[in-house]
Amino acid sequence: MTVNSIVAVGVGNGGIGAIERMIARKITGVKYVAVSNDVRLLGNAAIAEKLLLENGIDGCGGFLGNTSKAKQATTEIKANIVHALNGAEVVFISAALGGATGSGGAPVIGEIAHEMKMLVVGLVSMPFTFEGNNTCKRAGEGFINLKKHADIILEFKKDNVLESCSNLPMSDAYTAYYDYFSSIVKCFTDLFRSGRKRELLALKRASLKAKPIVMTDEITEQLLPYYVEAVIRYAALKKPPKVCIFWYYNKKVLGDFFDFTAAETYGNFVGPRSSHYDFWAKIQAANPELACEEYEYIPRGRVLYSLIDKEFIIVSSATIVKNTTAIKAIRRCCNIPDSAPVVLKTDQHYENPNDLEWEEE
Numbered sequence: 000m001t002v003n004s005i006v007a008v009g010v011g012n013g014g015i016g017a018i019e020r021m022i023a024r025k026i027t028g029v030k031y032v033a034v035s036n037d038v039r040l041l042g043n044a045a046i047a048e049k050l051l052l053e054n055g056i057d058g059c060g061g062f063l064g065n066t067s068k069a070k071q072a073t074t075e076i077k078a079n080i081v082h083a084l085n086g087a088e089v090v091f092i093s094a095a096l097g098g099a100t101g102s103g104g105a106p107v108i109g110e111i112a113h114e115m116k117m118l119v120v121g122l123v124s125m126p127f128t129f130e131g132n133n134t135c136k137r138a139g140e141g142f143i144n145l146k147k148h149a150d151i152i153l154e155f156k157k158d159n160v161l162e163s164c165s166n167l168p169m170s171d172a173y174t175a176y177y178d179y180f181s182s183i184v185k186c187f188t189d190l191f192r193s194g195r196k197r198e199l200l201a202l203k204r205a206s207l208k209a210k211p212i213v214m215t216d217e218i219t220e221q222l223l224p225y226y227v228e229a230v231i232r233y234a235a236l237k238k239p240p241k242v243c244i245f246w247y248y249n250k251k252v253l254g255d256f257f258d259f260t261a262a263e264t265y266g267n268f269v270g271p272r273s274s275h276y277d278f279w280a281k282i283q284a285a286n287p288e289l290a291c292e293e294y295e296y297i298p299r300g301r302v303l304y305s306l307i308d309k310e311f312i313i314v315s316s317a318t319i320v321k322n323t324t325a326i327k328a329i330r331r332c333c334n335i336p337d338s339a340p341v342v343l344k345t346d347q348h349y350e351n352p353n354d355l356e357w358e359e360e
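Each residue of the sequence shown is one higher than the one before, starting from 0 at the first, in numbering that gives the first Met the number 0.
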C-alpha cells in the first residue's frame, strides 16, 4: 500500500477535530488533509497538508451559516483538492454537518473524489437537536448532497450520545464520534494491509446499483469489522438476498426483514425497529397456537456476518426452531419458501463469528 492509497480529509472545525484524533491514535498509512476558511484553526491543526478556502478569516466565524458560500469557496480550490487526493484509492471525508463549511464543502470534495474514480467514504456527524432548526436543516441538506457522490456514509448522531449518557460532558460527546470515525479508518487501513484492497474497492457504486451504503452509530466499534465484512460480501453477490431475522426480547419474538437490493437499509439492519412488536402481534393473532416463554440474546451484527450469502434466513432460539408449527406459521406470514434454511443461534456471546453454532431444520 502506498502512502497515498488512503486519504482522510477533514472539512471544517468538526471534521478537522476527527482527523486530529486519527493522528493522535497513530493510524498510519493515511495521508491527512485539513480544509477550512479559518486561518487560526488551520494554523493550530496538527495536520501536514492544509487547504485554506477563499475569504479566510483569522479566528471563528466561518461562513456564518451560508453553505452556498462554502460550496463556492470549495469549488474554487478544486485544483488544490485534486492535487491533495492524487494517487488515492480511498478517500474519507470527515465533517460535522450543520456547520456551513462541512455541509457545503464536504459534498464538493465528495464529487471531486468520485470524478477521480475513488472509493468515497463520508464520515459525518449530525448536530444536537438543541442546536436549532436551521443547523439541523443545513445538516440534512449536506447529508443528501454528500449521498449523491459517496459510496459509503457513516452517520453519527450526537443526540444518541447524550441519550445514552445524560451526565456526559459535552466535550466527551465530541470525543465519542472522533473515536468512532478513527475506528472506521483504522478498520479500512487494516483491511487494505491484509490483502483485502480489491474487495474494498468493489464497494464503489457500480457494484451497489448506484446506491450508497448508509451506516449509523448503532454499529459499535467492536461490531464494525464484522459489519464491514458483511458489506464486502454483499457487494460480491450477483443476487442480493432477502433476510428475515428473529430473536427473543422480553419474552417476545421480534422480527425484521432486510431487502438488500435497497442499499440504504444497511444503516438500519443491525438496529431495532418499532415495527417488531406490531409484526409479531399480527403473527400471534393469526396463529394463537404459538407460544414464546423464554429469553434469548442474538448479536445481530455478527449474525449478518455469517448469513449474508443466504437467500432466505430465519434466525431464532432453539425453542422456535424445534417448533414446527411456529416455523410453518412464520413462513406463511412472511412468504418464506419451505426450502429456506432455518438457523439456530444459541444465547452465548461470541467474539469470533467462526464460533457461532448453527443447525438447519
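We treat Cβ as the ideally placed atom computed from N, Cα and C, and that holds for glycine.
Just so we're clear, the structure is a prediction, and the values are computed from it rather than from any experiment.
inquiry  = Can you tell me where the alpha helix (DSSP H) holding L40 begins and where it ends?
reply    = 38-43
ask   = Would you call S124 buried or exposed, if buried means 16 or more other Cβ atoms sit within 10 Å of its Cβ?
value = buried
query = Quick one: any contact between the segment 78-91 and the segment 35-44, if contact means 3 or more CB pairs under 8 Å?
reply = no
inquiry  = For K147, tell me which candidate among K157, V107, R195 has the shortest Cα-Cα distance.
reply    = V107
ask   = Does the segment 110-120 come close enough to the segment 141-156 that 3 or more CB-CB pairs lie under 8 Å?
value = yes
request  = Helix, strand or coil for A201, going by three-state DSSP, please let me know.
outcome  = coil
request  = Could you have a look at A47 and say whether DSSP puts it in helix, strand or coil?
outcome  = coil
query = Around the Cβ of V32, are there at least 16 other Cβ atoms within 10 angstroms (buried) or fewer (exposed)?
reply = buried
query = Does DSSP put A149 in a helix, in a strand, or in coil?
reply = coil
Contact under 8 Å by Cβ, S93 with I18 = yes
message = For K30, count the other beta carbons within 10 Å of its own beta carbon; 16 or more makes it buried, fewer makes it exposed. Which is it?
response = buried
message = Am I right that I46 and K185 are in contact with their C-beta atoms under 8 Å? What's the rounded C-beta distance?
response = Not really, about 17 Å apart at Cβ, beyond 8 Å.
Buried or exposed by the 16-neighbour rule on C-beta atoms within 10 Å, applied to S35 = buried
ask   = Hey, out of A95, R137, L63, Q71, whose CA is closest to G9's CA?
value = A95
task = Report the rounded CA-to-CA distance for L202 versus I151, giving the unit in angstroms.
result = 8 Å
query = Within 10 angstroms of its Cβ, does S181 collect 16 or more other Cβ (buried), or is it exposed?
reply = buried
key: DSSP-derived helix/strand/coil call for M115   = coil
query = Helix, strand or coil: how does DSSP classify S102 here?
reply = helix
request  = Could you pull out every residue in the same chain whose Cβ sits closer than 7 Å to the Cβ of L122, ignoring the five residues on either side in sequence?
outcome  = A17, F91, I92, S93, L153, F180, I183
Same chain only: Cβ atoms within 6 Å of I15, ignoring 5 sequence neighbours per side = G9, A33, A44
request  = Reducing DSSP to helix, strand and coil, say where L63 ends up.
outcome  = coil
query = T66 and G11: beta carbons closer than 8 Å?
reply = no
ask   = With C-beta atoms as the reference, is L52 less than 8 Å away from T73?
value = yes
task = Would you check if the distance between the CB atom of L118 and the CB atom of L200 is smaller than 8 Å?
result = yes
request  = Would you mind working out which of G13, Q71, A78, E114 sits nearest F155, comparing C-alpha positions?
outcome  = G13
query = K68: buried (16+ other C-beta within 10 angstroms of its C-beta) or exposed?
reply = buried
key: Of the listed residues H82, G139, P126, nearest to K49 (C-alpha basis)   = H82
Reduced DSSP secondary structure (H/G/I, E/B, other) of K157 = helix
request  = Consult DSSP for F129 and reduce its assignment to one of helix, strand or coil.
outcome  = helix
ask   = What residues in its chain sit with their C-beta under 7 Å from that of Y177, if we drop five residues either side in the sequence?
value = G16, A17, R20
inquiry  = Can you find the residues in the same chain that come closer than 7 Å, C-beta to C-beta, to Y77, ignoring five residues on each side of it along the sequence?
reply    = According to the sequence as given, residue 77 is Lys; it is not Tyr. The answer, listed in chain order, is I111.
key: Where I143 falls, given that 16 or more other Cβ within 10 Å makes a residue buried   = exposed
Cβ-based neighbour list, A105, same chain, cut-off 6 Å, excluding 5 preceding and 5 following = V10, I92, A94, L145
task = Take G64 and list the residues in its own chain whose beta-carbon comes closer than 6 Å to its own, dropping the five residues that flank it on each side.
result = A99
query = When DSSP labels each residue in this structure, what does G121 get in the three-state scheme?
reply = strand
task = Might you give, ordered along the chain, the residues of its own chain that have their beta carbon closer than 6 Å to the beta carbon of E75, omitting 5 neighbours on each side?
result = E53
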